[in-house]
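For reference, the structure discussed in these notes is given below.
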Amino acid sequence: MNLEPFGTRLRRAMDERGPLCVGIDPHASLLTDWGLNDDIAGLERFSRTVVEALADRVAVLKPQSAFFERFGSRGIAVLEKSVGEARAAGALVVMDAKRGDIGSTMAAYASAFLEKGSPLFSDALTVSPYLGYGSLKPAVELARESGAGLFVLALTSNPEGGEVQHAVRPDDAARRNVGATMLAHLAEENAGEAPMGSFGAVVGATLGDLSSYDLDINGPLLAPGIGAQGATPADLPGVFGAVVRRVVPNVSRGVLRHGPDAGALRASADRFAEDIRAAVAAA
Ligand SMILES: O=C(O)c1cc(=O)[nH]c(=O)n1[C@@H]1O[C@H](COP(=O)(O)O)[C@@H](O)[C@H]1O
Numbered sequence: 348m349n350l351e352p353f354g355t356r357l358r359r360a361m362d363e364r365g366p367l368c369v370g371i372d373p374h375a376s377l378l379t380d381w382g383l384n385d386d387i388a389g390l391e392r393f394s395r396t397v398v399e400a401l402a403d404r405v406a407v408l409k410p411q412s413a414f415f416e417r418f419g420s421r422g423i424a425v426l427e428k429s430v431g432e433a434r435a436a437g438a439l440v441v442m443d444a445k446r447g448d449i450g451s452t453m454a455a456y457a458s459a460f461l462e463k464g465s466p467l468f469s470d471a472l473t474v475s476p477y478l479g480y481g482s483l484k485p486a487v488e489l490a491r492e493s494g495a496g497l498f499v500l501a502l503t504s505n506p507e508g509g510e511v512q513h514a515v516r517p518d519d520a521a522r523r524n525v526g527a528t529m530l531a532h533l534a535e536e537n538a539g540e541a542p543m544g545s546f547g548a549v550v551g552a553t554l555g556d557l558s559s560y561d562l563d564i565n566g567p568l569l570a571p572g573i574g575a576q577g578a579t580p581a582d583l584p585g586v587f588g589a590v591v592r593r594v595v596p597n598v599s600r601g602v603l604r605h606g607p608d609a610g611a612l613r614a615s616a617d618r619f620a621e622d623i624r625a626a627v628a629a630a
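Residue numbering for the sequence shown follows my numbering, beginning at 348 and increasing consecutively.
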């Protein structure tokens, strides 16, 4: 059966469950804090605990591939299982692998994560456009075909991002910076889609006033940075203004630090979800 477009599925999940995305980021330090070994059994237990605690209540789970890749093929097997279990329990899965390469290689990354039937098939994938937005074309095309989505790094949450993303090309007549150019590409990709398109931008919740950018891409905005990186749900309206209802705020360590108790993980996610709901409602 063909999947509905990711933008449609995500909008529904956000409306039904609230927009919170919780990251599955099994940092070595978190494994230790949870009383687990920094090994494959610890990774498996950590990931299963998060999925079992949260996949039936949050709109999105976002496994961070790096923490699984660290363990080689057995780590990837745990990732594969977690993606399947999270999706089966009703969460959308955004694979945070931040892939980006020349177009012909990008096609292989797209096939790994966005081709229906692939072992790591995910509802969406984070991608880096810094080999040029056009290099992502094979991923855009396959995502459309599969009912999947992309989140393209536009304005990232880390302080170093500006060096690339704020650069202005001398030959760009509009004098837009690189981040704004990525947003413009995404707006084109999503044009005419309802209730919203499947091609999202990553825009950090840590970035303060972004009113000089046109964030209205008719697609979702994945907003990491809440919790451990210092942003709060109350910051969202100030950062995102009129498009705050299309924001998918991500919290990883801010929730995960409450484990391993499933009830405590759920309570933390519920608190973030409620604070986000209140902030968005008041906007
Ligand atoms: O694409 C991402 O998810 C991402 C983009 C970005 O600009 N900043 C950012 O922190 N992330 C990811 O979001 C998660 C944030 O984790 P916490 O800081 O623990 O909430 C990590 O998995 C990061 O890799």
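Think of the CB as a built atom: it goes at the ideal place given N, C-alpha and C, for glycine as much as any other residue. Keep in mind that this is a model prediction, so the values were computed, not measured.
{"Item": "Evaluate the contact criterion for the stretch 449 to 457 versus the stretch 475 to 487: three or more CB pairs, one atom per stretch, below 8 Å.", "Value": "yes"}
{"Item": "Roughly how many angstroms lie between the CA atoms of L478 and L500, to the nearest whole one?", "Value": "12 Å"}
{"Item": "Any chance the CB of D582 is under 7 Å from a heavy atom of ligand 3?", "Value": "This structure does not include ligand 3; its bound ligands are ligand 1."}
{"Item": "Would you say the beta carbon of G551 is closer than 7 Å to some non-hydrogen atom of ligand 1?", "Value": "yes"}
{"Item": "Could you check whether L401 and R392 sit closer than 8 Å to each other, using their CB atoms as the reference points?", "Value": "no"}
{"Item": "State the start and end residues of the unbroken beta strand (DSSP E) segment that holds F637.", "Value": "No answer is possible for residue 637: it lies beyond the span of the chain, which begins at 348 and ends at 630."}
{"Item": "Where does R446 fall in DSSP's three states?", "Value": "strand"}
{"Item": "Cβ of S394 within 8 Å of Cβ of I371?", "Value": "yes"}
{"Item": "Examine ligand 1 and report whether any of its heavy atoms sits within less than 7 Å of the Cβ of L569.", "Value": "yes"}
{"Item": "Let's test the definition: count the other Cβ atoms within 10 Å of the Cβ of E536 and tell me whether it reaches 16, buried, or not, exposed.", "Value": "buried"}
{"Item": "Heavy atom of ligand 1 less than 7 Å from the Cβ of R576, yes or no?", "Value": "The question names Arg, yet the displayed sequence has Gln at residue 576. Correct: Q576 has its Cβ closer than 7 Å to ligand 1."}
{"Item": "Buried or exposed: where does R446 fall if 16 or more other Cβ atoms within 10 Å of its Cβ makes it buried?", "Value": "buried"}
{"Item": "What is the C-beta distance between D443 and T473, in whole angstroms, given that I count them as a contact (C-beta under 8 Å)?", "Value": "5 Å"}
{"Item": "Check P584 in the structure and name its three-state DSSP category.", "Value": "helix"}
{"Item": "State the start and end residues of the unbroken beta strand (DSSP E) segment that holds P485.", "Value": "Segment 484 to 493 is the alpha helix (DSSP H) holding P485; no beta strand (DSSP E) there."}
{"Item": "Counting only the same chain and skipping the five closest in sequence on each side, list residues whose C-beta sits under 8 Å from that of I387.", "Value": "F418, R421, G422, V425"}
{"Item": "Using a Cβ-Cβ cut-off of 8 Å (strictly less than) and excluding sequence neighbours within five positions of A625, which residues of its own chain qualify?", "Value": "P580"}
{"Item": "Please state the DSSP three-state secondary structure of Q576.", "Value": "coil"}
{"Item": "Can you grab the Cα-Cα spacing for the pair E488 / L408, in whole Å?", "Value": "23 Å"}
{"Item": "Tell me whether the stretch 516 to 535 and the stretch 554 to 574 touch, counting them as touching only if at least three CB pairs, one residue from each stretch, are closer than 8 Å.", "Value": "yes"}
{"Item": "At the level of alpha carbons, what is the spacing between N505 and F546?", "Value": "21 Å"}
{"Item": "Could you spell out where the beta strand (DSSP E) holding F353 opens and where it closes?", "Value": "Looking at the DSSP string, F353 is not in any beta strand (DSSP E); the run it does join, the alpha helix (DSSP H), is 353 to 364."}
{"Item": "With hydrogens ignored, establish whether the beta-carbon of V525 is closer than 7 Å to any heavy atom of ligand 1.", "Value": "no"}
{"Item": "By the 10 Å Cβ neighbour count, where 16 or more other Cβ atoms means buried, how is V430 classified, buried or exposed?", "Value": "buried"}
{"Item": "Sort L502, A521, F460 by Cα distance to E492 and report the nearest one.", "Value": "F460"}
{"Item": "Please look up how many angstroms separate the CB atoms of A406 and G365, rounded, as I've assumed it's under 8 Å.", "Value": "7 Å"}
{"Item": "Would you kindly check if the distance between the Cβ of V595 and the Cβ of L569 is under 8 Å?", "Value": "yes"}
{"Item": "Please classify G309: is it buried, with 16 or more other beta-carbons within 10 angstroms of its beta-carbon, or exposed?", "Value": "Nothing can be reported for residue 309: it is not among the residues displayed for the chain, which extend from 348 to 630."}
{"Item": "What distance in whole Å lies between the Cβ atoms of R404 and A616, which are believed to be in contact at a cut-off of 8 Å?", "Value": "7 Å"}
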